[in-house]
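Enquirer: Just so we're aligned, residue 3 is where the sequence shown starts under my numbering, counting upward by one.
Glycine residues also receive a C-beta, built at the ideal position from the N, C-alpha and C atoms.
Note that the structure is predicted; figures quoted are calculated from it, not measured.
First, the structure itself, so that you have it in front of you.
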Amino acid sequence: MSISTKRTKIVATVGPSSNTKEMLLQFAVAGVNVMRLNFSHGTHEDHLKVINHIREINKEFNFNISILQDLQGPKIRVGMMKDNGQPIETGQDLIITTEECEGTSEKVSTVYQNFAKDVKVGEKVLMDDGRIQLLVKAIDGKEVLTEVLVGGLLKSRKGINLPDTNISEPALTHKDLIDLEFGLEQNVDIIALSFVRNASDVEFLRTKIQEAGRTCRIISKIERPEALVHIDKIIKSSDAIMVARGDLAIETNAAEVPLVQKSIIKKCHQMARPVVVATQMLESMVKSPIATRAETNDVANAVMDGADGVMLSEESAAGQFPLDAVKTMADICRTVELSAQYEYDRDHEVAKDSAHFMAKEVVRTGTILASSIGAKAIIGNTTSGFTATNISRYRPKAKIFIFTNDKSVSTQLNLIWGVQPFLLPKTFSTLRGLHEHEEKTLLNEGVLEVGDSVVHVSSFPMDGVHRTNMLKCATIEENK
């Protein structure tokens with residue numbers, strides 16, 4: 003098993019710059035924990051090749067890399083433009099139609115068929131990541147008349163954002179359902195749900211996963227203002243959260259995004275949900291071998307705030323220096339985590355009326371105990387991931403080693419800060435036998451030494467969920 007020296011997890015998007023087995027292996031060695039497959043691009047055949055490469059790397063080199071399928075969601079785009087791009091002037095009128103046509107400076111099409119039904123007079127329409135801004139003036143059947151507030155060169159297939167509009171299309175589009183079926187057939191570990199609006203979007207996806215007989219995790223991408231209104235319920239219904247700052251900055255006030263990011267991270271800690279910060283973290287490294295000072299600060303601040311993971315998008319998928327980007331991000335994470343300014347052993351009081359209060363309080367006590375005795379590690383066992391997420395939320399200085407007999411759970415734990423998962427070879431009938439195996443394994447791996455203090459956080463009977471009920475202090479002894 004490859005033991006990571008950093009606590010913050012790295013999610014790397016795979017694309018043309020990184021889809022070979024050789025590069026993916028280098029990603030794993032450099033510190034990537036989760037490989038993201040963006041289903042807005044590529045074919046199922048393309049993604050299958052990457053999935054097979056990752057599985058081969060895990061098997062041949064004893065890694066535990068997770069596979070994340072990122073569904074496109076109801077992404078609204080401009081249709082094809084004449085000469086692949088037309089100038090749109092500030093102050094002019096522009097018609098947007100749902101009928102297919104070659105776009106000109108006066109009239110463009112959109113692939114979103116409910117566009118004219120959803121928008122209302124007075125609402126803003128943003129194109130090309132907000133570079134072109136329009137205001138709806140009138141609606142006539144399939145055509146929407148807009149005034150151009152800010153013009154620019156509009157190219158084919160550029161994105162459209164509707165920050166003021168309640169979009170009627172479901173979070174899972176027809177394309178998403180086809181992609182989801184493929185992902186579930188391939189046993190992906192994590193599914194990212196784009197443009198989540200409320201908890202019912204998450205619950206609908208979970209139902210689809212359960213109907214297929216799978217147990218993969220759901221990470222909800224926070225990208226729309228509507229999601230911020232329902233953020234508490236979305237976090238509660240999700241397995242993890244992604245702060246997707248790209249579309250979020252377009253659809254809200256960009257100046258508010260850093261505050262939103264900090265708020266969501268704090269809420270996720272309180273609810274014991276992993277949270278990943280994404281988009282443009284090392285954007286300049288698409289074309290440069292080094293990051294800007296601002297980007298370095300951005301990644302460092304996300305780590306300082308307590309993000310479970312940080313993500314690379316175009317940098318690792320289509321950039322000129324994908325491996326350098328991964329190494330830079332890993333170096334920033336390690337540097338921050340080793341600094342005296344990083345806040346370990348954070349406390350979060352457990353509400354007495356919260357679900358599974360007793361189990362959560364046992365975990366909390368275990369982290370306090372580990373800090374008090376200077377334990378080298380907290381060792382837990384889990385069947386669902388409950389113990390792992392609840393230990394991690396306190397950001398203990400002690401290392402977190404989690405054992406499970408479920409291979410899928412072992413891989414899914416890769417999103418959680420500080421957690422190093424291990425797969426149990428069998429089900430143990432006694433806690434003594436389990437603890438002896440865990441201690442022996444960690445001693446053999448070289449991550450613990452004879453004389454180290456550890457805290458065991460366990461549940462008995464061991465096949466239950468959400469019932470962590472036992473703490474034990476131990477000193478590592480020589481293998482007998």
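#1: Near residue 186, which residues of its chain fall below 6 Å by C-beta distance, leaving aside the five closest residues on each side in sequence?
#2: Counting only the same chain and skipping the five closest in sequence on each side, list residues whose C-beta sits under 6 Å from that of residue 161.
#3: In chain order, what residues of the same chain lie with their CB nearer than 6 Å to the CB of residue 49, ignoring the 5 residues before and after it?
#4: Apply the 10 Å Cβ neighbour rule to residue 427 and answer buried if 16 or more other Cβ atoms are within range, or exposed otherwise.
#5: State the Cα-Cα distance for the pair residue 207 and residue 201, rounded to the nearest angstrom.
#6: Among the candidates 95, 341 and 382, whose CA atom is the shortest distance from the CA of residue 153?
#7: Could you please give me the residues that DSSP links to residue 460 through a beta bridge?
#8: Between which residues of its own chain and residue 352 is the CB-CB distance below 7 Å, once the five residues before and five after are set aside?
#9: Measuring only the C-alpha atoms, how far is residue 235 from residue 451?
#10: Looking at C-beta atoms only, is the number of pairs between the region 128-146 and the region 28-39 that lie closer than 8 Å three or more?
#11: What are the start and end residues of the alpha helix (DSSP H) that includes residue 390?
#12: Give the DSSP bridge partners of residue 383, in chain order.
#13: So does the region 48-64 actually touch the region 421-440, counting three or more Cβ pairs closer than 8 Å?
#14: Can the beta-carbon of residue 416 be found closer than 7 Å to that of residue 68?
#15: Among all the DSSP beta bridges, which residues are the ones paired with residue 145?
#16: Apply the 10 Å Cβ neighbour rule to residue 356 and answer buried if 16 or more other Cβ atoms are within range, or exposed otherwise.
#17: Is it right to say residue 8 is buried, meaning 16 or more other beta carbons lie within 10 angstroms of its own, or is it exposed?
#18: Among 385, 402, 418 and 399, which residue has its Cα nearest to the Cα of residue 408?
#19: Measure the Cβ-Cβ separation of residue 334 and residue 301 and say whether it is below 7 Å.
#20: Buried or exposed: residue 47, going by 16 or more other Cβ atoms within 10 Å of its Cβ?
#21: Quick test of the definition: if touching needs 3 or more C-beta pairs under 8 Å, does the region 174-183 touch the region 80-87?
#22: Within a Cβ cutoff of 8 Å, which residues of the same chain sit near residue 92, ignoring the five residues on either side of it in sequence?
#23: Residue range of the alpha helix (DSSP H) that residue 372 falls in?
#24: Could you round the C-beta distance between residue 283 and residue 237 to whole angstroms and report it? I think they count as a contact, below 8 Å.
#25: Report yes or no: do three or more beta-carbon pairs, one from the region 372-381 and one from the region 395-402, lie closer than 8 Å?
#26: Note down the Cα distance separating residue 319 from residue 463, rounded to an integer number of angstroms.
#27: Going residue by residue through the region 289-356, where are the continuous beta strand (DSSP E) segments of at least 3 residues, counting only ones entirely within it?
Expert: The relevant details are as follows:
#1: Position 184 of the sequence shown, counting from 1, holds the residue named residue 186. Excluding sequence neighbours, residue 186 sits near 214 and 216.
#2: Mapped onto the sequence shown, residue 161 falls at position 159. Closer than 6 Å at the Cβ level, and outside the excluded window around residue 161, lie 79.
#3: The count along the sequence shown starts at 1 and reaches residue 49 at position 47. Hits under 6 Å: 39.
#4: Numbered from 1 along the sequence shown, position 425 holds the residue referred to as residue 427. Of the other Cβ atoms in all chains shown, fewer than 16 fall within 10 Å of the Cβ of residue 427; this residue is therefore exposed.
#5: Counting from 1 along the sequence shown, the entry for residue 207 is found at position 205. Counting from 1 along the sequence shown, the entry for residue 201 is found at position 199. Computed Cα separation, rounded: 10 Å.
#6: Within the sequence shown, numbered from 1, the residue matching residue 153 stands at position 151. Closest in C-alpha terms to residue 153, from the list 95, 341 and 382, comes 95.
#7: As a first step, residue 460 must be located in the sequence shown, where it is residue number 458. The partner list for residue 460 (beta bridge, DSSP) reads 472.
#8: In the sequence shown, counting from the first residue as 1, residue 352 sits at position 350. Cβ neighbours of residue 352 beyond the five flanking positions: 359, 362, 363 and 366.
#9: The sequence position of residue 235 within the sequence shown is 233, counting from 1. The sequence position of residue 451 within the sequence shown is 449, counting from 1. If you take the alpha carbons of residue 235 and residue 451, they lie about 43 Å apart.
#10: Contact between the region 128-146 and the region 28-39 is absent: fewer than three C-beta pairs spanning the two stretches fall below 8 Å.
#11: Numbered from its first residue, the sequence shown carries residue 390 at position 388. Element bounds for residue 390: 388-394.
#12: Within the sequence shown, numbered from 1, the residue matching residue 383 stands at position 381. 405.
#13: Contact fails: fewer than three Cβ-Cβ distances are below 8 Å.
#14: Here the question's residue 416 lines up with position 414 in the sequence shown. Here the question's residue 68 lines up with position 66 in the sequence shown. Yes, the Cβ-Cβ distance between residue 416 and residue 68 is below 7 Å.
#15: Residue numbering aside, residue 145 sits at position 143 when the sequence shown is read from its first letter. BP columns for residue 145 point to 99 and 142.
#16: Here residue 356 is taken as the residue at index 354 of the sequence shown, counted from 1. With fewer than 16 Cβ atoms within 10 Å of its Cβ, residue 356 is classed as exposed.
#17: To locate residue 8, count along the sequence shown from 1; it is residue 6. Buried, since its Cβ has 16 or more Cβ neighbours within 10 Å.
#18: Along the sequence shown, read from residue 1 onward, the residue named residue 408 stands at position 406. Of 385, 402, 418 and 399, the residue nearest in Cα terms is 385.
#19: Here residue 334 refers to the residue found at position 332 of the sequence shown. Here residue 301 refers to the residue found at position 299 of the sequence shown. Yes, Cβ-Cβ distance for residue 334 and residue 301 is below 7 Å.
#20: Here residue 47 refers to the residue found at position 45 of the sequence shown. By the 10 Å Cβ count, residue 47 comes out exposed.
#21: Using a Cβ-Cβ distance cut-off of 8 Å, the region 174-183 and the region 80-87 are not in contact, since fewer than three pairs of beta carbons, one from each stretch, lie closer than that value.
#22: As a position in the sequence shown, residue 92 is number 90, starting the count at 1. Within the same chain, Cβ atoms closer than 8 Å to the Cβ of residue 92 are found at 150, 151, 152 and 153, the five residues on either side in sequence being excluded.
#23: For the purposes of this step, residue 372 is taken as residue 370 along the sequence shown, with counting starting at 1. If you look at residue 372, you'll find it in the alpha helix (DSSP H) that goes 359-375.
#24: What you label residue 283 is simply residue 281 of the sequence shown in a count that begins at 1. What you label residue 237 is simply residue 235 of the sequence shown in a count that begins at 1. Residue 283 to residue 237, Cβ: 22 Å. No contact.
#25: With a cut-off of 8 Å, the region 395-402 and the region 372-381 count as touching, because enough Cβ pairs lie within range.
#26: Reading the sequence shown from its first residue, position 317 is the one you call residue 319. Reading the sequence shown from its first residue, position 461 is the one you call residue 463. Whole-angstrom Cα-Cα distance: 45 Å.
#27: Segments of the beta strand (DSSP E) lying fully in the region 289-356: 311-314.
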